[in-house]
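Encoded as structure tokens, the structure appears first; notes follow it.
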Amino acid sequence: MSFSPSNALRAARDAALSMDGLASTIHVGEAGSFAALGPAFLTRLPATPVPDPYLVAISHEMAESLGFDAELAESDEAAAFAAYFAGNPTREWPADALPYATAYSGHQFGVWAGQLGDGRALTFGEVQRNAARLEVQLKGTGRTPYSRMGDGRAVLRSSIREFLCSEAMHHLGIPTTRALAIIGSDLPVRRESIETAAIVTRVAPSFVRFGHFEHFYSNDRTNDLRALADHVIDRFYPHCREADDPYLALLDQALRTTADLMAEWQGVGFCHGVMNTDNMSILGLTIDYGPFGFVNGFNAHHICNHSDTQGRYAYSRQPQVGYWNLFCLAQALVPLFGNNLPEEGRSERVVEEAQKVMERYKTYFAPALEAKMRAKLGLEVAREEDIALANNLFEVMHANRADFTLTFRNLAKIAKADSSRDAPVRDLFLDRAAFDAWAVRYRERLAQETRDDDARAEAMNRVNPKYVLRNHLAEQAIRQAAGKDFSEVARLLDVLRHPYDEQPHYEAYTDLPPDWAGDLEVSCSS
Ligand code: AMP
Ligand code: MG
């Protein structure tokens, strides 16, 4: 079932600024899609309209990927565009093609939380383009049957953070859900104070979470569990079908992608903040941007979520938590394992086999992290002592609270031959002697490399970003947006589209957090 363009949007198409490409390719309930799994998995309902929606931000690249021109959002059709992506009923939604909220469960802060689900998000359907199929979802569209005590809304503040960070992560090369647009409304939303509502359009190949599997496992719905696993395998990991046990192969796939994602996060100093199992993507995407943060002055145990009083999701713990979450996923998949095994003693064998697969996490994570750290240090050859060298740097950074992003970025400036060009990185350390001692080791190691300084610097600059979404940058854009000036959101998106490039006109975006940002706190409130 595909939607027919409304009159307003047809007019826009005639003006060669068209949503036609998008509207005509959104499909709901296509064979093989999540929606086709049926009513056990989702509830169809319309969005709750918001008054007078307006455009806050749009990602031109994402619009292009979906097959339409982002200029539409700022054309004569701006009002229709904003209404459409707010989920307002600007067009006739066929009864069988309403958007849907999905059911999932999960472990939150290590405790079984029971049923959760899309409490404030609705998925439109899929866009198929150039062999890629992307699901399009609106977050903040009002209450659903899974809202529990929540109001179904998202505030502008957290929507700006999610929008900017998902696009920033994409440009850093880190797997993530994407964001197309933010639509705002002056609808008041109560958090610690009264804020205003916003709706983010999120885009991903799939929004399936570990928690979706836990949901059907915890309810003893093995057929639904199998249907979900089959959906993920058929669509994303068809090679798993060739394995002796396709579902163990699916677990293995989740181990790999999660391990890779953890190495990526650690490599840029990204803290997710709420690594509950319902916030873990089965595809290994970064998903659900809430109280995330990039580490500034390095503290290995940095906690970015003010609500995380125990530090469960501290920077240093993320890879371990990823593993813990994978155990929850493995547990949920147990009823599917072992069809290839003889019935006699099957349940014991199943657990053994699953444990063996789980053991592979370290063989995926450690090499991924090591490769990342070597690249960050500009080392081409792999030598055993490299890990100790990297760890030692982290120790010195931690002791000095040296800025994560600037330390690695400025490391590229160091000369192989002598300390003449150490200053840009050395000056980030209060204890200069500790840095110097490390630099001696680093230079000894560099002496074993064949690349010259320029070639090494060039390679390092492709893995050590110059621009990341520091909290104070997002905060500045949020403060301006409260006064309806959205230009800083657009500017930040522009900066973060090229995180590895020198952008001299944007030099100020590399600055350390100003004093006023010292006590910025981000919590689960979003
Ligand atoms: P989160 O902490 O954002 O990952 O959310 C955990 C669960 O709470 C998910 O099921 C969300 O959909 C739901 N949720 C969070 N905020 C709201 C809200 N304002 N209204 C309804 N549900 C919400
Ligand atoms: Mg969530």
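Heads up: the sequence shown at position 220 corresponds to 220 in the working numbering, and the numbers run straight through without jumps. Where a beta carbon is used, it is the ideal one built from N, C-alpha and C, also for glycine.
In the structure shown, residue 266 falls within a helical segment according to DSSP collapsed to helix, strand and coil.
Here the distance from the Cβ of residue 279 to the nearest heavy atom of ligand 2 is below 6 Å. Using a Cβ distance threshold of 7 Å, residue 201 and residue 181 count as a contacting pair. By alpha-carbon distance to residue 122, the top candidate from 172, 47, 491 and 178 is 47.
As a beta-bridge residue in DSSP terms, residue 125 pairs with 136.
Measuring C-alpha to C-alpha distances from residue 165 to each of 226, 233, 224 and 272 identifies 272 as the nearest. With 16 or more other CB atoms across the displayed protein chains lying within 10 angstroms of its CB, residue 265 is buried. Residue 195 is bridged by DSSP to 189. One alpha carbon belongs to residue 33, the other to residue 126, and they sit about 8 Å apart.
Secondary structure note for residue 363: its alpha helix (DSSP H) is the uninterrupted segment 360 to 377.
Residue pairing by DSSP puts residue 184 in a beta bridge opposite 54 and 198. Shortest gap from the CB of residue 285 to any heavy atom of ligand 1: 6 Å or more. CA-to-CA, the gap between residue 353 and residue 499 works out to about 42 Å. Here the C-alpha atom of residue 380 lies approximately 24 Å from the C-alpha atom of residue 403.
In this structure, residue 210 and residue 325 form a Cβ contact; the two beta carbons are roughly 6 Å apart against a cut-off of 8 Å. The continuous beta strand (DSSP E) containing residue 105 extends over residues 105 to 108. Per DSSP, the unbroken alpha helix (DSSP H) holding residue 495 starts and ends at 487 to 496.
Less than 7 Å separates the beta-carbon of residue 425 from that of residue 407. Of all alpha-carbon atoms in 31, 427, 61 and 83, the one lying nearest the alpha-carbon of residue 52 is that of 83. For residue 288, the Cβ falls inside the 6 Å cut-off from some heavy atom of ligand 2. Not one heavy atom of ligand 1 falls within 6 Å of the beta-carbon of residue 347. In the DSSP assignment, residue 42 falls within the beta strand (DSSP E) that extends over 42 to 44. Put simply, of 173, 204 and 157 the residue whose alpha carbon is nearest the alpha carbon of residue 188 is 157. Taking residue 480 as the centre and dropping the five residues before and after it, the same chain places the C-beta of 488 closer than 6 Å to its C-beta, in chain order.
Note on residue 132: under 16 other CB atoms within 10 angstroms of its CB, so exposed under the neighbour-count rule.
The Cβ atoms of residue 523 and residue 307 sit closer than 7 Å to each other. Closest by C-alpha distance to residue 186, out of 452, 177 and 198, is 198. Counting C-beta pairs closer than 8 Å gives fewer than three between the stretch 341 to 361 and the stretch 287 to 305, which falls short of the contact rule.
In this structure residue 514 is exposed. Its beta-carbon is surrounded by fewer than 16 other beta-carbon atoms within 10 angstroms. With respect to the 7 Å criterion, residue 323 and residue 302 are not classified as neighbours on the basis of their beta carbons.
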